[in-house]
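What follows is a short report on a single structure.
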Amino acid sequence: MDPFMIRGTSFTLTQRQTQTVSQQSHSNRMPLQSSSTALVSENNNDIISTLSVQTQSLKLLSQKSMTLLELTRLLETWEDPHATTETIDAKERITNCFKQRSDLLDLSFLSLTTLPDVFGGMQHVCYLSISNNSFSEIPQFLTKLTSLKLLNVSNNILSEVPDFIKEFKYLEWFNAECNQLEKVTEELGHLPKLQTLMLTHNRILKLPENIHHIKDLKVEDQVPLASFIDFSPEFAAGWEETYQHEGTSGYFEIWLARYEEMLRLPRAEKYRQAFKQRISTLLDAMVNNLELRKLCYDKARDVVATSHD
2 MDPFMIRGTS
12 FTLTQRQTQT
22 VSQQSHSNRM
32 PLQSSSTALV
42 SENNNDIIST
52 LSVQTQSLKL
62 LSQKSMTLLE
72 LTRLLETWED
82 PHATTETIDA
92 KERITNCFKQ
102 RSDLLDLSFL
112 SLTTLPDVFG
122 GMQHVCYLSI
132 SNNSFSEIPQ
142 FLTKLTSLKL
152 LNVSNNILSE
162 VPDFIKEFKY
172 LEWFNAECNQ
182 LEKVTEELGH
192 LPKLQTLMLT
202 HNRILKLPEN
212 IHHIKDLKVE
222 DQVPLASFID
232 FSPEFAAGWE
242 ETYQHEGTSG
252 YFEIWLARYE
262 EMLRLPRAEK
272 YRQAFKQRIS
282 TLLDAMVNNL
292 ELRKLCYDKA
302 RDVVATSHD
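The numbering used here puts the first residue of the sequence shown at 2, with every later residue one more than the last.
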């Protein structure tokens, strides 16, 4: 046998075997490479997900990182020009709430017109009351209270509920009674968790359609802005009729409620009893004296004409 042929044949066989083994090795590597690629992809997704969670955690930590010293310094720079004495009480309440990590902050009955911008580090607050003060608007920085469930702004002088109310995603209970509201945003109807909405004793003439689905909705006794005409005989007759049916009209009840709000202020304490007696005496006298009613009417008209109300 020709050795060349043997060698050639041998070479050929060896070459074929080598090619076959090489092909098998290549084909065997393909699934491994595919699996490896999928594994790397999964690992990348896990890493991205972990980084995202860590980033969110860092954001939350950065929001909650305000120290007591920083809070104290911020409070030192804040002063309400219309409630100097009450400002001290407000600062104490805010500081105690921060120290105790309390979920309740009560800043009611302090005659406040402003608030300090310190709520970025107080996300633990879920229940806030700024009722019975003199706020003409809701401070927008209150939206930093991202966990807020209850907000009480009743008995102030608010003229509207602003659009940024939509930022309170977890709000369940909102009380804006006894203000001067003429406008209410439809964003209230978009709050997913809102169950109680209290808007009684305001001046709202038209309510957004989308708030009527709210489970506990109170919108009674809307009184329009005061306007005066001449004290005519027709008006006098109307006044007497209104007084006789006061139990159903509610106007006198609202009028007296406004005075009660003022009498509840701390600085009015020493005048309360005397003032109540005078109001009672005046009302009784007005019922029986047309001239006195006219005089009181004219005095009230002059006051309204020179005020912002």
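From the three backbone atoms N, C-alpha and C, an ideal C-beta is built for every residue, glycine too.
- Burial check for residue 81: the Cβ neighbour count within 10 Å reaches 16 or more, so the residue is buried.
- Assignment of residue 162 by DSSP, reduced to helix, strand and coil, places it in the strand class.
- Within the DSSP bridge table, the entry for residue 197 names 174 and 217 as partners.
- DSSP places residue 97 in the helix class (H, G or I) of the three-state scheme.
- Cβ neighbours of residue 114 within its own chain (closer than 8 Å, five residues either side excluded): 81, 82, 83, 84, 134, 135, 136 and 137.
- Minimum Cα-Cα distance from residue 165 among the listed residues 143, 174, 177 and 197 corresponds to 143.
- Around the beta carbon of residue 92, 16 or more other beta carbons sit within 10 angstroms, so the residue counts as buried.
- Listed in chain order, the non-local C-beta contacts of residue 163 below 8 Å within the same chain comprise 138, 139, 141 and 186, local neighbours out to five positions each way being set aside.
- Sequence-distant partners of residue 184 (beyond 5 residues in either direction) whose C-beta falls short of 8 Å from its own C-beta, in its chain, are 160, 161, 162 and 205.
- When the five nearest sequence neighbours on each side are left out, the beta carbons in the same chain lying within less than 6 Å of the beta carbon of residue 194 are those of 171 and 173, in order along the chain.
- Residue 75 is not a Cβ neighbour of residue 126, given a cutoff of 7 Å.
- For residue 153 against residue 176, the beta-carbon gap comes to about 5 Å, under 8 Å, which counts as contact.
- The C-alpha of residue 156 is placed about 23 Å away from the C-alpha of residue 145.
- Counting the other Cβ atoms within 10 Å of the Cβ of residue 203 gives 16 or more, which makes it buried.
- For residue 70, the enclosing alpha helix (DSSP H) covers residues 69-77.
- Residue environment for residue 279: exposed (fewer than 16 other C-beta atoms within 10 angstroms of its C-beta).
- Within the DSSP secondary-structure output, residue 107 pairs in a beta bridge with 130.
- The Cβ atoms of residue 219 and residue 196 do not sit closer than 7 Å to each other.
- With a contact defined as Cβ atoms closer than 8 Å, residue 192 and residue 209 miss out at about 12 Å.
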